[in-house]
Amino acid sequence: GAVVSQHPSRVICKSGTSVKIECRSLDFQATTMFWYRQFPKQSLMLMATSNEGSKATYEQGVEKDKFLINHASLTLSTLTVTSAHPEDSSFYICSARDRGKSYNSPLHFGNGTRLTVT
Amino acid sequence: DAKTTQPTSMDCAEGRAANLPCNHSTISGNEYVYWYRQIHSQGPQYIIHGLKNNETNEMASLIITEDRKSSTLILPHATLRDTAVYYCIVKGGGFKTIFGAGTRLFVKA
Numbered sequence: 140g141a142v143v144s145q146h147p148s149r150v151i152c153k154s155g156t157s158v159k160i161e162c163r164s165l166d167f168q169a170t171t172m173f174w175y176r177q178f179p180k181q182s183l184m185l186m187a188t189s190n191e192g193s194k195a196t197y198e199q200g201v202e203k204d205k206f207l208i209n210h211a212s213l214t215l216s217t218l219t220v221t222s223a224h225p226e227d228s229s230f231y232i233c234s235a236r237d238r239g240k241s242y243n244s245p246l247h248f249g250n251g252t253r254l255t256v257t
Numbered sequence: 005d006a007k008t009t010q011p012t013s014m015d016c017a018e019g020r021a022a023n024l025p026c027n028h029s030t031i032s033g034n035e036y037v038y039w040y041r042q043i044h045s046q047g048p049q050y051i052i053h054g055l056k057n058n059e060t061n062e063m064a065s066l067i068i069t070e071d072r073k074s075s076t077l078i079l080p081h082a083t084l085r086d087t088a089v090y091y092c093i094v095k096g097g098g099f100k101t102i103f104g105a106g107t108r109l110f111v112k113a
């Protein structure tokens, strides 16, 4: 089946530093990838839609200058949390849709990145 | 996208069928019903989806009512590893996948 690899799975960083999270589709190409954030005991919240070769689209309330998204190829999207603060500590999850399938095809999710900012 | 309503939590005995309901009374004609689940500290896993016909795969069955206003996900023989949060999502093609609160299923030995 379609596999989405997310790296790293866990990261601890100091306040004020930046962290990059990678999301790769391993056996399919993805024109569009999605980034979610999940706080403890809550559901997933969509942060942004990553489009290959163009700018990401951010959901209302998500700071685009803080959460930098780059989708440079059909198999890789990256999320950089800039100047991280403790309140950015969360579980970040990416997903992708196979560009070879219809728009109704389901998303494939990575296993998430647990970010802890100290 | 249409909103969905799911029970907050459910219990199921191991080996028995788990029937998870979902109401989506405002679903429109071109919107599909999708089910995902999330096991603790992992990314969501796709289970099944359908438009109006009942669907079955190796993981589960999806029963959609004739008026499409509700559906049921059936795990035929639940195991302890099926303990997870199950999300019912309704959306049209090309639209964003928005997660609700889901149903927390506890499978008990």
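In order, the protein sequences belong to chains V and Y. Just so we're aligned, residue 140 is where the first sequence starts under this note's numbering, counting upward by one. Just so we're aligned, residue 5 is where the second sequence starts under this note's numbering, counting upward by one. Think of the CB as a built atom: it goes at the ideal place given N, C-alpha and C, for glycine as much as any other residue. All of these numbers come straight from a predicted model, not from anything done at the bench.
Contacts that residue i makes with chain Y (C-beta to C-beta distance below 9 Å)
i	result
Tyr242 of chain V	Gly96, Gly97, Gly98, Phe99
Leu246 of chain V	Tyr38, Tyr40, Pro48, Tyr50, Thr101
Exposure label - residue i; buried when at least 16 CB within 10 Å
i	result
Ile151 of chain V	exposed
Ser45 of chain Y	exposed
His247 of chain V	buried
Ala113 of chain Y	exposed
Tyr242 of chain V	exposed
Arg236 of chain V	buried
Glu62 of chain Y	exposed
Arg72 of chain Y	buried
Gly249 of chain V	buried
Test: residue i CB closer than 8 Å to a CB of chain V
i	result
Tyr90 of chain Y	no
Glu48 of chain Y	Strictly speaking, residue 48 of chain Y in this sequence is Pro, with Glu absent from that position. By this cut-off, Pro48 of chain Y is an interface position.
Beta-carbon contacts of residue i that lie in its chain and below 8 Å, excluding the five residues immediately before and after
i	result
His81 of chain Y	Gly19, Arg20, Ala21
Gly239 of chain V	Phe167, Gln168
Gly54 of chain Y	Tyr36, Val37, Leu66, Ile68, Ser75
Cβ-based neighbour list, residue i, same chain, cut-off 6 Å, excluding 5 preceding and 5 following
i	result
Tyr197 of chain V	Ala187, Lys203
Gln177 of chain V	Leu183, Phe230
Cys16 of chain Y	Ala22, Ala82, Val111
Pro11 of chain Y	Thr107
Glu161 of chain V	His146, Thr217
Leu215 of chain V	Arg163
Contact with chain Y by residue i, beta-carbon distance below 8 Å
i	result
Asn250 of chain V	yes
Met165 of chain V	Just to set this straight, residue 165 of chain V is Leu in the shown sequence, not Met. Not closer than 8 Å to any Cβ of chain Y, the Cβ of Leu165 of chain V fails to qualify, so no.
Thr188 of chain V	yes
Pro147 of chain V	no
Cβ shell of residue i (< 7 Å), same chain only, five flanking positions each side left out
i	result
Ala88 of chain Y	Arg41, Gln42, Ile43, Leu109
Val256 of chain V	Cys152, Ser154, Ala223, His224, Pro225, Asp227, Ser228
Leu254 of chain V	Val150, Val158, Val220, Asp227, Ser228, Ser229, Tyr231
Proximal residues of chain Y, C-beta to C-beta of residue i below 7 Å
i	result
Ser182 of chain V	Phe103, Gly104, Ala105, Gly106
Leu185 of chain V	Lys100, Ile102
Per-residue contacts from residue i into chain C (C-beta, under 8 Å)
i	result
Phe173 of chain V	Absent from the structure: chain C. Protein chains present are V and Y.
*Name the residues in the stretch 213–234 of chain V whose C-beta lies less than 7 Å from a C-beta of chain Y; which are they?*
Ile232
*Report the residues of the stretch 50–76 of chain Y with a CB closer than 7 Å to any CB of chain V, ordered along the chain.*
Tyr50, His53
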